[in-house]
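Counting in the UniProt record's numbering, the sequence shown runs from 1 upward without gaps.
Yeah, the Cβ is synthetic: ideal placement off N, Cα and C, and Gly gets one too.
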Amino acid sequence: MLPLSLLRTAQGHPMLVELKNGETYNGHLVSCDNWMNISLREVICTSRDGDRFWRLPEVIIRGNNIKYLRIPEEVIDMVPEEDLSKSKVAGGKGDSRGGRGGNRGRGDGRGGRGSRGSRSEGGRGTGRATGRGRGY
């Protein structure tokens, strides 16, 4: 189960959102996007220390401020199973993202730049202080 599919299934249901700064928001989920920005309606906001409360008609929360979400158990049971084959690249290399090294499109992916050749062999030389000019 993926987090965004869980959030999309939870639309219209009550939930609790705790932010990194300690504030909590209780309300009904209206919408969410791919960055986990969420919109809640009929919201009760609780301060960090829990001594102040606000009732708000609607709140939009930026996804990177969310610490955790509490969603009712029945919503978790409603989430459709994801087809994991969707995440694989069709017809291409599936391993071309992330990691270190590897073939990045130049050469054979075995590291190094190989010999540059000498000027007499038609190469560009090593570039070591040969001065300016034509290199004769």
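query                                                                                                                                                            : result
Which whole-angstrom value is the C-beta distance of I76 and L6, which I expect to be below 8 Å?                                                                 : 7 Å
In this structure, what does DSSP give as the bridge partners for residue 137?                                                                                   : Residue 137 lies beyond the range of the chain shown here (1 to 136); nothing can be said about it.
Scan the UniProt domain "Sm" (2-75) and note each continuous alpha helix (DSSP H) run of 4 residues or more that stays entirely inside, going in chain order.    : 3-9
Taking only the alpha-carbon atoms, compute the straight-line gap between M1 and G50 and give it to the nearest angstrom.                                        : 32 Å
Ordered along the chain, which non-local residues of its own chain (more than five positions away) have a Cβ less than 8 Å from that of P57?                     : R41, E42, V43
In chain order, what residues of the same chain have a beta carbon less than 7 Å from the beta carbon of A10, not counting five sequence neighbours either side? : L29, I71, V75
So the candidates are E73, R52, V17; which of them puts its Cα closest to the Cα of I38?                                                                         : V17
Between which residues of its own chain and G63 is the CB-CB distance below 6 Å, once the five residues before and five after are set aside?                     : W35, M36, N37
Would you tell me roughly how many angstroms separate the C-alpha atoms of N65 and E23, rounded to the nearest one?                                              : 10 Å
Throw me the rounded Cβ distance for the V59 and G12 pair, which I believe falls under 8 Å.                                                                      : 16 Å between Cβ atoms; not a contact.
For L19 and K67, what's the separation of their Cα atoms in angstroms?                                                                                           : 5 Å
Report all residues from its chain with a CB closer than 7 Å to the CB of R48; omit the five preceding and five following residues, and keep chain order.        : N21, G22, E23
Does M78 pass the burial test, meaning 16 or more other C-beta atoms within 10 Å, or should it be called exposed?                                                : exposed
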